[in-house]
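Below is one structure, written out as structure tokens, with a few remarks after it.
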Amino acid sequence: MSKAERLEELITKSVIPDLNERLDEIYEEIADNKEATADAKEEIEELQEFKADLQDILDDIQSGDIDEEECEELIGDILEAQKGNDEEDFGFTEQECD
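First residue of the sequence shown: 339, per our numbering; consecutive thereafter.
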């Protein structure tokens, strides 16, 4: 399996489902409270932006516009972030997601 295939699998089978789960939790909290706090709104926006960045990475993988070295770096960032249970940014910086 190439690093690009591994990155694609990691994003589609682990990262995006985790993001979706967290979004569901936030939406449930909003439904329970009948109101969205500013923090909840901000977290939803950040998670949706991050999810869009991940989709851009998946698009780059499909089109072959990402090299193996970059894939390896992103895999390392994701795995490191998952060890620390960092649900917000998975170790990415804005530059890496563009």
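C-beta atoms are modelled at their ideal positions from N, C-alpha and C, and glycine is treated no differently.
Small disclaimer: the values here were computed from a predicted structure and weren't measured.
For the region 395–420, not one full-length beta strand (DSSP E) segment reaches 3 residues or more.
In this chain, the alpha helix (DSSP H) harbouring ALA369 covers 354–371. Classified as buried, ALA342 has 16 or more neighbouring CB atoms from the shown chains inside 10 Å of its CB. Rounded to whole angstroms, ILE395 and THR350 show a C-alpha spacing of 11 Å. Contact between the region 347–365 and the region 383–390 is established, with three or more Cβ pairs separated by less than 8 Å.
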